[in-house]
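**Student:** If you scroll down you'll find the structure; I have some questions about it.
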Amino acid sequence: MAMTTTALLILLLLVAILVQESLAFIPHSNSVRARSSFLAPAIQDMKSKTSAAVTDEDYGSDDKPAVDMNQYNLPLDQILEEWTANLMEKTFRRKAGVYLGAKSAKDIMVDPVQVMFQRKTDSGLGILLEEIAGGREDGLGITVVSGLVEDGAADGCGIQEGDSISAISVKRLKTSEATEEGLEEDDKYDAIVSVSTECLGYDATVDKILSLPAAEGEEEIFVLSMNRLRRRPRVEVTIQYPNKESGQKQKETTIELFSGENLRGGMLARGVDLNDPLARRFDNGGSGSCGAEGRCGTCAVSILQGGELLNPSSVQEQQMLKENPHWRLGCRAV
């Protein structure tokens with residue numbers, strides 16, 4: 000079941016289309032602040048190449064990392080050199096637009112981090128900002144955290160120097176009884192307003208912050224979506240094929256994937272057979288692949304161990320594979 004030359008060319012073409020276009024800035028600093036058949040391969044094991052222990056509580060339905068990601072943090076001087084902004088085309092996961100990225104994207108990733116902290120009526124965020132790229136008339140740029148005001152609103156919330164704020168939301172406690180209802184912290188609040196600050200220069204970022212309504216009481220919180228640069232963790236994936244039933248001759252193989260890499264794309268790029276030509280498509284009952292659109296189910300794999308290292312499956316994926324709860328769509332597993 001070897002990949003044909005045509006299929007390989009198509010895959011390379013898709014990869015080339017998704018290559019981002021970097022934007023130009025004037026560097027300066029502002030220091031003021033399927034239904035698949037039995038041919039589907041099985042993922043025998045996934046092992047994060049780290050010494051940290053992994054438990055079901057570390058990663059699961061709440062989409063928390065399996066390990067302490069802070070061990071992959073970068074020194075500040077490297078972070079400031081690595082930040083870049085990319086013009087990205089629309090995909091099924093994001094809208095078209097300008098997004099932060101890392102220059103050394105193969106080894107360094109942009110990790111989304113969310114923090115929440117109490118809003119103070121007599122002060123702002125308590126965050127010092129620094130512009131490391133900008134000078135454009137459209138206000139685009141790269142602005143990062145250069146420090147926190149001592150005893151300010153954000154002090155102690157986990158924000159680190161070099162982080163970049165991508166969005167700011169203001170939320171208000173629903174009712175005084177909400178704190179006693181056993182709700183998740185974020186579910187206790189109603190959103191008042193949210194502004195996007197990703198890839199903005201210093202002045203444009205400050206303008207967005209100043210556009211937020213004044214605090215009306217102690218029942219309000221800030222929710223900040225942050226981008227943080229980290230070294231990419233690597234994951235070892237052991238793959239087995241059900242040779243007895245399918246008659247295939249593939250031997251067990253182990254490949255290395257980067258954290259955040261799509262399972263289907265990573266396997267195909269490393270020459271691993273994945274899509275089952277004999278499987279019947281979930282969406283129309285025919286044959287053939289849907290091209291990683293998450294509709295056909297022919298790239299389904301059975302996860303035997305290490306499933307906690309994958310992102311949680313969507314409702315649609317769960318419905319498609321409800322008869323095989325340990326299966327994942329390779330095109331949707333990250």
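The opening residue of the sequence shown carries number 0 in numbering that gives the first Met the number 0; numbering runs sequentially from there.
For each residue, glycine too, the CB sits at the ideal point set by N, CA and C.
1. Can you give the Cα-Cα distance for G265 and L273, rounded to whole angstroms?
2. Tell me the DSSP secondary structure of N323 in three-state form.
3. Among D121, N226, L86 and R230, whose alpha-carbon lies nearest the alpha-carbon of A104?
4. Counting only the same chain and skipping the five closest in sequence on each side, list residues whose C-beta sits under 7 Å from that of D189.
5. Give me the Cα-Cα distance between D61 and M68, rounded to the nearest whole angstrom.
6. So within the stretch 55-128, which uninterrupted beta strand (DSSP E) runs reach at least 3 residues, ignoring any that extend past its ends?
7. Of the choices N85, I191 and Y240, whose alpha-carbon is the least far from that of G216?
8. F257 bridges to which residues according to DSSP?
9. Within the continuous beta strand (DSSP E) that includes K142, where are the two ends?
10. At the level of alpha carbons, what is the spacing between E80 and G155?
11. Quick check: the Cα distance between G161 and V234, rounded to an integer number of angstroms?
12. Between which two residues does the alpha helix (DSSP H) containing Y188 stretch?
13. Is the number of C-beta pairs between the stretch 116-132 and the stretch 90-107 that are closer than 8 Å three or more?
14. Could you spell out where the alpha helix (DSSP H) holding I167 opens and where it closes?
15. Just reading off the alpha helix (DSSP H) that V205 is part of, what are its end residues?
16. Let me make sure I understand the geometry here. Which of L277, S210, N310 and I158 has the alpha-carbon closest to that of N226?
17. Could you tell me the alpha carbon to alpha carbon distance between L347 and P74, rounded to whole angstroms?
18. Under the assumption that N310 contacts A291 (Cβ atoms under 8 Å), give the Cβ distance between them as a whole number of angstroms.
19. P111: buried (16+ other C-beta within 10 angstroms of its C-beta) or exposed?
20. Does the Cβ of V314 have 16 or more other Cβ atoms within 10 Å, making it buried, or fewer, making it exposed?
21. Is there contact between the stretch 195-212 and the stretch 136-150, where contact requires at least three CB pairs shorter than 8 Å?
22. Using DSSP bridges, identify the partner residues of M225.
23. Apply the 10 Å Cβ neighbour rule to A278 and answer buried if 16 or more other Cβ atoms are within range, or exposed otherwise.
24. For T196, which residues in the same chain have their Cβ closer than 7 Å to its Cβ, ignoring the five residues on either side in sequence?
25. Less than 8 Å between C-beta atoms, sequence neighbours within five positions excluded: which residues of the same chain meet that for N323?
26. Roughly how many whole angstroms lie between the Cα atoms of C198 and S286?
27. Measure how close the beta-carbons of Q239 and E255 come, nearest whole angstrom, since I'm counting them as under 8 Å.
28. Taking the alpha carbon of V109 as the point to measure from, which residue in V194, L228, S258 and L262 has its own alpha carbon closest?
29. Grouping DSSP H, G and I as helix and E and B as strand, with all else coil, what is Q317?
30. Looking only at its chain, what residues have a beta carbon closer than 6 Å to the beta carbon of F221, apart from the 5 residues adjacent to it on each side?
**Tutor:** Inspection of the coordinates gives the following:
1. Cα to Cα, the separation comes out at about 10 Å.
2. The three-state reading of DSSP puts N323 in coil, since its state is none of H, G, I, E or B.
3. Cα-wise, what sits closest to A104 is R230.
4. Correct list, in chain order: K170, R171 and K173.
5. For D61, the predicted model reports a pLDDT of 39, less than 50, meaning its position is unreliable; a value from the coordinates is still stated below. Going from the Cα of D61 to the Cα of M68 covers about 16 Å.
6. You should have 82-87, 96-101 and 107-117.
7. Residue I191 is the option with its Cα nearest to G216.
8. Residue pairing by DSSP places F257 opposite R233 in a beta bridge.
9. It should be pointed out that residue 142 corresponds to Thr in this sequence rather than to Lys. Looking at the DSSP string, the run of the beta strand (DSSP E) that includes T142 is I141 to L147.
10. If you draw a straight line from the Cα of E80 to the Cα of G155, it comes to about 26 Å.
11. Taking the straight line joining both Cα atoms gives about 26 Å.
12. Per DSSP, Y188 belongs to no alpha helix (DSSP H); it is in the beta strand (DSSP E), Y188 to S195.
13. They do not touch, by the three-pair rule.
14. Premise fails: I167 lies in the beta strand (DSSP E), S163 to L172, not in any alpha helix (DSSP H).
15. Boundaries of the alpha helix (DSSP H) around V205: Y201 to L209.
16. If we check each option's Cα against that of N226, I158 comes out closest.
17. Here the chain covers residues 0 to 333 and nothing more, so residue 347 does not appear.
18. Not really, about 15 Å apart at Cβ, beyond 8 Å.
19. For P111, the number of other beta carbons within 10 angstroms of its own is below 16, and it is reported as exposed.
20. Counting other Cβ atoms within 10 Å of its Cβ, V314 stays below 16 and is therefore classed as exposed.
21. With a cut-off of 8 Å, the stretch 136-150 and the stretch 195-212 count as touching, because enough Cβ pairs lie within range.
22. Secondary-structure assignment with DSSP links M225 through a beta bridge to V112 and I164.
23. It is buried - the Cβ of A278 has at least 16 other Cβ atoms within 10 Å.
24. Shown here for T196: same chain residues with a beta carbon closer than 7 Å to its own, the five before and five after excluded, namely I164, S165, A166, I167, T204 and K207 in chain order.
25. Hits under 8 Å: A299 and S301.
26. Cα-Cα distance, rounded: 43 Å.
27. With 8 Å as the limit, Q239 and E255 do not qualify as a contact, their Cβ atoms being about 17 Å apart.
28. Cα-wise, what sits closest to V109 is L228.
29. Collapsing the DSSP output to three states places Q317 in a helix.
30. Hits under 6 Å: F116 and R118.
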